[in-house]
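Visitor: Numbering (my numbering), first residue to last: -7 to 374.
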């Protein structure tokens, strides 16, 4: 089916501009349908426990003998100063480099899950600095789970004709066979050359020059095309799980201490600091939008509360599962006032998709009947 293998451009490319709207859309596709990244100016809560969970997943180690150093609060109220969307040079794993700074006047407010009304008003006033949402560019895209033949040096990346019609320039069907050369850029700005051939279904070489970890089925390919005709291509990893695979050379314990030390330094010096959020590694976002957190504060999560929660669906963009709250307690005694994964839950149906037995209140959507009860109780408390 193929007459030529794909090869990168021999000319070094400049660093890709993460401010390019098409780049941002490709990054988000590779990050997954549920990944959320704040914008500069946003007010957010930074949860240290969540950041430590990402460290453990990234190093494939659970930190041992954890201690609560520096007497830090479980969450810090911060302003987002800058966001850069990036990708690891050798693995293509996407991550967001987020620069944040504690809010000077209200950084120590609301250290528990519930906040007093005067605290809410103060934070509401401060949150008015968020910038407006920018329009997203129109583009055509699709994704496909990669198979061994897709990434084989002698194989072909086959796709449906409708996907080719949507995302690729039209072929000259008078040729025999219809064929064309395409150039697509990846997240690093490197150009990759494809030969696009029609054989009853459209196909072109996949990342044959890439070194894919096993199994290749843990990756999906995302070609997309912008309004100006530019073609981009990227890969999305399966969500990483703690496993028996070799752990990182850098210990989880040392990185755990680094997270705590950085937060302590930021509190005491009022300096800005940077965190890296890896959506395909982190079990959950640890930088939570202020509004999302505050909405969750209004609800009642008594035992028996029914809820829904979204998950990365694997073969489909996302799936929703229903469950029941069966308890409320701190995840870790080292953080006694924390609401991070404070809800113990039971899922209604079995699934092959990994689901936690503890979730954070802001990650779930209450069932309509439970929401009505929560609203009624909120009015009675006013």
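We put the CB at the ideal spot given by N, CA and C, even for glycine.
#1: Give the DSSP-derived three-state secondary structure of residue 90 in the structure shown.
#2: CB-CB under 7 angstroms to residue 318, same chain, minus the five flanking residues each way: which ones, in chain order?
#3: According to DSSP, is residue 29 helix, strand or coil?
#4: Can you look up residue 13 in the DSSP assignment and give me helix, strand or coil?
#5: In three-state terms, what does DSSP make of residue 269?
#6: Check the C-beta distance from residue 415 over to residue 134 and give it rounded, since I have them as a contact under 8 angstroms.
#7: Is residue 197 buried or exposed, if buried means 16 or more other CB atoms sit within 10 Å of its CB?
#8: For residue 155, which of 217, 79, 340 has the nearest alpha-carbon?
#9: Going by beta carbon distance, what residues of the same chain come within less than 6 angstroms of residue 247, once the five residues before and after it are set aside?
#10: What did DSSP end up calling residue 252 once you bin it into helix, strand or coil?
#11: Just grab the DSSP bridge partners of residue 258 for me.
#12: To the nearest whole angstrom, what separates the beta carbons of residue 359 and residue 300, a pair I think is in contact under 8 angstroms?
#13: If we ignore side chains and look at the alpha-carbon of each, how far apart do residue 356 and residue 178 end up?
#14: CB residue 418 to CB residue 255, shorter than 9 angstroms?
#15: Work out the CA separation of residue 24 and residue 310 for me, nearest whole Å.
#16: Compare the Cα-Cα distances from residue 280 to each of 352, 229, 348, 225 and report the closest residue.
#17: Is it buried or exposed, residue 188, if we count other Cβ atoms within 10 angstroms and call 16 or more buried?
#18: By Cβ distance below 7 angstroms, which residues in the same chain neighbour residue 270 in space, the five residues on each side in sequence not counted?
#19: Measure from the alpha carbon of residue 288 to the alpha carbon of each residue in 334, 314, 263, 312, then state which is nearest.
#20: Given that a residue counts as buried once 16 or more other Cβ atoms are within 10 Å of its Cβ, and exposed if not, what is residue 175?
#21: With a 10 Å radius around its C-beta and 16 neighbouring C-beta atoms as the bar for buried, classify residue 340 as buried or exposed.
Guide: Taking the definition as stated:
#1: strand
#2: 295, 336, 337, 338
#3: coil
#4: helix
#5: strand
#6: Only positions -7 to 374 of the chain appear in this structure, which leaves residue 415 out of reach.
#7: Low confidence applies to residue 197: its pLDDT is 45, below 50, so where it sits in the model is not reliable, and the reading given next is rough at best. By the 10 Å Cβ count, residue 197 comes out buried.
#8: 217
#9: 47
#10: helix
#11: Paired residues: none, contrary to the question.
#12: 7 angstroms
#13: 34 angstroms
#14: In the structure as shown, the chain starts at -7 and stops at 374, and residue 418 therefore has no counterpart that could be examined.
#15: 9 angstroms
#16: 352
#17: buried
#18: 46, 50, 85, 87
#19: 334
#20: exposed
#21: exposed
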